[in-house]
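Enquirer: Under numbering that gives the first Met the number 0, the residues of the sequence shown are numbered 0 to 334, in order.
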Amino acid sequence: MTLHLPLVRLTPRALVSVRENVSPRALLERGVKALDAGVSQEDRAGVSSVRAVAVKPNGAIGVIPVRDACAEIKLAPISTPVALSLIDEATPAYFVGATDDGVGQIVLCLDNDAELPGVQWVHLRWGGHMLGASDCGVALAGVSLATWHASYRFCARCGKPVRSILSGWATECSGCGHVEYPRQDPAVIVRIHDDEDRVLLAHNTAWRTTMCSLIAGFVEAGESPEHAVIREVKEEVGLDVASVEYQATQPWPFPRSQMIGYTARVAVGTPIVPIPDGEEIEWARFFSRSELRDALHSGEVSAPGPTSIAYALLVDWYGSDLPESPSSLDPLRRP
């Protein structure tokens, strides 16, 4: 199976020796001249120019203004003078690598309520699929670092404040000197089939009325992802599943999940009627392809957003993009 996973179409080249030896400010101010002797020859050859873009810890990305929800969106370049001014005002800046065209990518992390002239804010979670592959990889790395830094301001060992190092790819404690690196929390998501090849969709109590998706949950300490699938399905909808098979993985930095996608089938000889737990899951039911099509067309349900791995898993089963629901939300709505 090859799933279309929008957020991981193209990952920037890391250029680790650049992040370890050159500050984002120096790279913006001096360009490729900032790539000193500490940078490997290979990494120096990977950067021919530099640009800055902006994100926010809440997952928003700064794009060139657009109104058409069907158009491709592009990250808005921030001019060097503006970027340097923001950095001098203590705006965090991260070097997230270089794209295949040789452009070194600096991501500025603005406050959630900040504004920039000529920049429209779109949530990566809602509009990531509308970005080109290179821009999406840059945005994913930037938002991942921004959300991690926002949640990790103090040392887990001694409680003192931490500072960003390695161009945003680590923090160092101001007290004990402990170095911490960005973390991702493993979570599973599973497309469950019954013996008629119908797929289970469920509604979480925290979601808006029509929203439904696949069963998902975090992997617990000491647990394999495959066992997490079996446990989560049993806990949330009371079903026993078998034939648990890995499909694909996509980061989901809201705030820092790594979504591991599976398929499974209701175990032979076990009940096939889902029983929601009533706390996290309000309702769950199996849909055939025609039933899902009709439910989407009528607005009875709305599907997961096209940026998500849940959408990709459903599309793989459905056979094409899912029909638009009248209850779907505008991906360009303000975060």
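Backbone N, C-alpha and C fix where the C-beta goes; we use that ideal spot for every residue, glycine too.
#1: Buried or exposed: where does S289 fall if 16 or more other Cβ atoms within 10 Å of its Cβ makes it buried?
#2: For I271, which three-state DSSP category applies?
#3: Could you tell me how far apart the beta carbons of L321 and A302 are, in whole angstroms, since I believe they sit closer than 8 Å?
#4: Buried or exposed, going by whether 16 or more other CB atoms sit within 10 Å of the CB of I274?
#5: Among the residues of its own chain, which have a CB less than 6 Å from the CB of P116, if the five just before and after it don't count?
#6: Could you have a look at E184 and say whether DSSP puts it in helix, strand or coil?
#7: With respect to the alpha helix (DSSP H) encompassing A309, which residues constitute its N-terminal and C-terminal limits?
#8: What residue range does the beta strand (DSSP E) around N20 cover?
#9: Decide if the stretch 231-244 is in contact with the stretch 254-267; the criterion is three or more beta carbon pairs, one per stretch, under 8 Å apart.
#10: Count the other CB atoms within 10 Å of the CB of E235; is the residue buried (16 or more) or exposed (fewer)?
#11: Between P250 and L74, how many whole angstroms is the CB-CB distance? I'm expecting something under 8 Å.
#12: Determine, using beta-carbon pairs with one atom in the stretch 119-132 and one in the stretch 296-310, whether at least three such pairs fall under 8 Å.
#13: Identify, in the order they occur along the chain, each residue of the same chain with its Cβ nearer than 8 Å to the Cβ of T204, setting aside the five sequence neighbours on each side.
#14: Contact defined as beta carbons within less than 8 Å: I believe V54 pairs with G136. What is the distance between those atoms, to the nearest angstrom?
#15: Does DSSP classify C135 as helix, strand or coil?
#16: Could you tell me how far apart the beta carbons of L85 and G45 are, in whole angstroms, since I believe they sit closer than 8 Å?
#17: Would you check if the stretch 163-172 and the stretch 213-222 touch, i.e. whether three or more CB-CB distances between them fall below 8 Å?
#18: In whole angstroms, give me the CA-to-CA distance for T79 and P252.
#19: Do the stretch 50-68 and the stretch 105-123 make contact, defined as three or more Cβ pairs closer than 8 Å?
#20: Looking only at its chain, what residues have a beta carbon closer than 7 Å to the beta carbon of A25, apart from the 5 residues adjacent to it on each side?
#21: In this structure, what does DSSP give as the bridge partners for M210?
#22: Put H148 into one of helix, strand or coil per three-state DSSP.
#23: Would you report the Cα separation of E195 and E71, rounded to the nearest angstrom?
#24: In the DSSP output, what is N203 paired with across the bridge?
#25: Could you check if P23 is buried or exposed, using at least 16 other CB atoms within 10 Å of its CB as the buried criterion?
#26: Whose CA, out of V52, P91 and R292, lies closest to the CA of R148?
Expert: Per the coordinate set shown:
#1: What you label residue 289 is simply residue 290 of the sequence shown in a count that begins at 1. By the beta-carbon neighbour count (other beta carbons within 10 angstroms, threshold 16), S289 is exposed.
#2: Your numbering for residue 271 matches position 272 in the sequence shown. In this structure, DSSP gives I271 a state outside helix and strand, which the three-state scheme calls coil.
#3: Indexing the sequence shown from 1 puts residue 321 at position 322. Indexing the sequence shown from 1 puts residue 302 at position 303. Between A302 and L321 the Cβ distance is about 5 Å, and since that is below 8 Å, they are a contact.
#4: Mapped onto the sequence shown, residue 274 falls at position 275. I274 should be labelled exposed.
#5: Against the sequence shown, residue 116 aligns to sequence position 117. Cβ neighbours of P116 beyond the five flanking positions: none.
#6: As a position in the sequence shown, residue 184 is number 185, starting the count at 1. The question names Glu, yet the displayed sequence has Asp at residue 184. Note: D184 maps to strand in three-state DSSP.
#7: On the sequence shown, position 310 is the one that residue 309 refers to. The continuous alpha helix (DSSP H) containing A309 extends over residues I308 to Y317.
#8: Indexing the sequence shown from 1 puts residue 20 at position 21. DSSP places N20 outside any beta strand (DSSP E); the residue lies instead in the alpha helix (DSSP H), whose first and last residues are V15 to N20.
#9: Taking a cut-off of 8 Å for Cβ pairs, the stretch 231-244 and the stretch 254-267 touch, as three or more such pairs fall below it.
#10: Walking along the sequence shown from the start, residue 235 turns up at place 236. It is buried - the Cβ of E235 has at least 16 other Cβ atoms within 10 Å.
#11: Walking along the sequence shown from the start, residue 250 turns up at place 251. Walking along the sequence shown from the start, residue 74 turns up at place 75. At roughly 18 Å, the Cβ-Cβ gap does not stay under 8 Å, so P250 and L74 are not in contact.
#12: Output reads yes: the stretch 296-310 touches the stretch 119-132.
#13: Along the sequence shown, read from residue 1 onward, the residue named residue 204 stands at position 205. Cβ within range, chain order: E278, E279, I280 and E281.
#14: Residue numbering aside, residue 54 sits at position 55 when the sequence shown is read from its first letter. Residue numbering aside, residue 136 sits at position 137 when the sequence shown is read from its first letter. Not really, about 13 Å apart at Cβ, beyond 8 Å.
#15: If you number the sequence shown from 1, residue 135 lands on position 136. It is helical.
#16: Numbered from its first residue, the sequence shown carries residue 85 at position 86. Numbered from its first residue, the sequence shown carries residue 45 at position 46. A Cβ-Cβ separation of about 25 Å leaves L85 out of contact with G45 under the 8 Å criterion.
#17: The stretch 213-222 and the stretch 163-172 do not touch, with fewer than 3 CB-CB distances between them shorter than 8 Å.
#18: For this step, residue 79 is matched to residue 80 along the sequence shown. For this step, residue 252 is matched to residue 253 along the sequence shown. Their Cα atoms are separated by approximately 27 Å.
#19: Contact between the stretch 50-68 and the stretch 105-123 is present, because at least three Cβ pairs lie under 8 Å.
#20: Along the sequence shown, read from residue 1 onward, the residue named residue 25 stands at position 26. Same-chain partners within the cutoff: A33.
#21: Numbered from its first residue, the sequence shown carries residue 210 at position 211. Note: M210 sits in a beta bridge opposite S301.
#22: Taking the first residue of the sequence shown as position 1, residue 148 is located at position 149. Secondary structure at H148: helix, using DSSP grouped into helix, strand and coil.
#23: Taking the first residue of the sequence shown as 1, we reach residue 195 at position 196. Taking the first residue of the sequence shown as 1, we reach residue 71 at position 72. Distance between the alpha carbons of E195 and E71: 38 Å.
#24: Residue numbering aside, residue 203 sits at position 204 when the sequence shown is read from its first letter. Looking at the DSSP output, N203 bridges to I280.
#25: Position 24 of the sequence shown, counted from the first residue, corresponds to residue 23. Looking at its Cβ environment, which holds 16 or more other Cβ atoms inside 10 Å, P23 is buried.
#26: Counting from one through the sequence shown, the residue named residue 148 turns up at place 149. In the sequence as presented, Arg is not what sits at residue 148; that position holds His. If we check each option's Cα against that of H148, P91 comes out closest.
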